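For the sequence shown, this note's numbering gives the first residue as 15, with consecutive numbering after it.
Below is one structure; the comments refer to it alone.
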Amino acid sequence: MHAICKLNFGQSEYVFVPLPLLLRHYQKDLVDKSSYSISSMSEYSKTVTASGAALLSELSQRVTQVQALVQHHVVERSPSKVRTKFAQLILAAPSAVGSNNEVQSLLSVVTDEIAQIMSAIQLLQCWIQLHVPKVEDGNNFGVEVQKYAFVHLKESLEKWQKIWDSLSDYSSNRATAVEKLNAKANSETSTTTTVTSSRGGKEGDEEKSVTAKVEKQSNAGSQAAEDAIAAVVALDVKWYFNLVRALEGVRDQYAVTEDVITKNRDKIELPRGKNDRAGFNMF
Numbered sequence: 015m016h017a018i019c020k021l022n023f024g025q026s027e028y029v030f031v032p033l034p035l036l037l038r039h040y041q042k043d044l045v046d047k048s049s050y051s052i053s054s055m056s057e058y059s060k061t062v063t064a065s066g067a068a069l070l071s072e073l074s075q076r077v078t079q080v081q082a083l084v085q086h087h088v089v090e091r092s093p094s095k096v097r098t099k100f101a102q103l104i105l106a107a108p109s110a111v112g113s114n115n116e117v118q119s120l121l122s123v124v125t126d127e128i129a130q131i132m133s134a135i136q137l138l139q140c141w142i143q144l145h146v147p148k149v150e151d152g153n154n155f156g157v158e159v160q161k162y163a164f165v166h167l168k169e170s171l172e173k174w175q176k177i178w179d180s181l182s183d184y185s186s187n188r189a190t191a192v193e194k195l196n197a198k199a200n201s202e203t204s205t206t207t208t209v210t211s212s213r214g215g216k217e218g219d220e221e222k223s224v225t226a227k228v229e230k231q232s233n234a235g236s237q238a239a240e241d242a243i244a245a246v247v248a249l250d251v252k253w254y255f256n257l258v259r260a261l262e263g264v265r266d267q268y269a270v271t272e273d274v275i276t277k278n279r280d281k282i283e284l285p286r287g288k289n290d291r292a293g294f295n296m297f
């Protein structure tokens, strides 16, 4: 039997714990923590597996939902007609250009949809990874199928991340273009008028005076520089169609991803057949 000893040295007290007791306590602590980690990992895997399966059943519905958004927000498909429409908005008040509400509304919708599809792709990536079996020799065709689906998702996520990062460019670029437009619309021009007057007298005794008159007039309203107006309009048109393509891209991403995974779902979930138990692994 191992006992804990207490020794007093002057005013200090020291506790000595036998090594076997320390080892037993340490081992018990490791076992408890290990059991907790295994349990937590198991629960997480079950959650991801269930969530991934639920998401797969929703992908075709999401295609329909995004298509409805496209039909609602994309009224005009002709660039020339969109340009004319946006130009009229600016020409109505070129010295006080406001936001393009149509583009802003579309930007808000696209931002939400891209955020949602990126989350969906990340979930499906994890769902596939948690079905990857341990490394073994042979019978790896199913693992190659898993890798094919995973790479599809990985490349898709990288593409959408770049589009997401670029969305803020619209506001910053338009602010610069509008600032230049307002600067030209509110500039002033100076004109000099020369007035010559004569007073009577003898011939050769004419007295002349010259007066310089400076007038300032505002170069506002319809006199705003056409190139500055065109720059703002071109930016709005460009982003309108960029956002339209992005929204259609989200729709197509759901459709293609659903097709890729559904066609290969058996190999993704059971890469080595029905008797195989997948373990966690990383590509």
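Where is the CB? At the ideal position from N, CA and C, for every residue including glycine.
Just so we're clear, the structure is a prediction, and the values are computed from it rather than from any experiment.
Do you know offhand how far residue i's Cα is from residue j's?
i	j	result
Ala269	Ser170	13 Å
His145	Asp151	17 Å
Ile177	Thr125	10 Å
Asp273	Asp241	47 Å
Leu120	Ser180	15 Å
Val258	Gln79	15 Å
Ser236	Thr190	Any reading at Ser236 must be qualified, since the residue scores a pLDDT of 47, below 50, and its modelled position is unreliable; no value is offered.
Leu69	Val89	30 Å
Leu105	Gly263	33 Å
Ser282	Asn256	Here residue 282 turns out to be Ile, not Ser, going by the sequence shown. Near 35 Å, if we compare the C-alpha coordinates of Asn256 and Ile282.
Lys288	Ser122	45 Å
Lys173	Met132	10 Å
Ile275	Arg188	40 Å
Ser56	Val77	32 Å
Glu72	Thr271	12 Å
Asn153	Pro147	11 Å
Gln139	Glu127	18 Å
Thr63	Phe155	22 Å
Val117	Gln130	20 Å
Lys252	Ser59	44 Å
Val157	Gln75	29 Å
Gln102	Ser185	20 Å
Lys280	Ala248	The amino acid occupying residue 280 in the given sequence is Asp; Lys does not appear at that position. Rounded to whole angstroms, Asp280 to Ala248 spans 49 Å at the Cα level.
Thr98	Gln175	32 Å
Report buried or exposed for residue i, applying the criterion of at least 16 other Cβ atoms within 10 angstroms of its Cβ.
i	result
Arg91	exposed
His86	exposed
Asp183	exposed
Gly66	buried
Gln267	buried
Ala197	exposed
Asn114	buried
Asp250	buried
Thr61	exposed
Tyr50	Since pLDDT at Tyr50 reaches only 49, below the 50 mark, its modelled position is unreliable, and the value read off the structure follows with that caveat. That one is exposed.
Tyr254	buried
Phe100	buried
Val298	There is simply no residue 298 to check, as the chain begins at 15 and stops at 297 in what is shown.
Taking the continuous alpha helix (DSSP H) assigned at residue i, which residues delimit it?
i	result
Pro93	93-105
Gly156	155-180
Arg265	240-277
Asn115	115-143
Can you tell me the Cβ-Cβ gap for residue i and residue j, rounded? I've got them flagged as a contact below 8 Å.
i	j	result
Gln160	Pro285	6 Å
Val192	Val246	6 Å
Val84	Leu261	5 Å
Leu195	Val111	6 Å
Ile243	Pro108	6 Å
Ile142	Ala163	6 Å
If you reduce the DSSP assignment to three classes, tell me which class residue i lands in.
i	result
Ser71	helix
Gly287	coil
Val110	Checking the sequence shown, residue 110 turns out to be Ala, not Val. Of the three classes helix, strand and coil, the one that applies to Ala110 here is coil, per DSSP.
Asp280	helix
Lys148	coil
Leu36	For Leu36, the predicted model reports a pLDDT of 47, less than 50, meaning its position is unreliable; a value from the coordinates is still stated below. If DSSP states are grouped into helix, strand and coil, Leu36 belongs with the helices.
Glu57	helix
Tyr50	Confidence at Tyr50 is low in this model, with a pLDDT of 49, below 50, so the placement of that residue should be treated as unreliable; the coordinate-derived value is given next. Tyr50 falls in the helix class under three-state DSSP.
Asn233	The predicted model places Asn233 with a pLDDT of 49, which falls under 50 and marks its position as unreliable; any figure quoted below should be read in that light. The answer is coil: DSSP assigns Asn233 none of H, G, I, E or B.
Glu193	helix
Val80	helix
Hey, does residue i have any beta-carbon neighbour from chain C nearer than 8 Å?
i	result
Asn114	Absence of chain C from the displayed structure is noted, only one protein chain being present.
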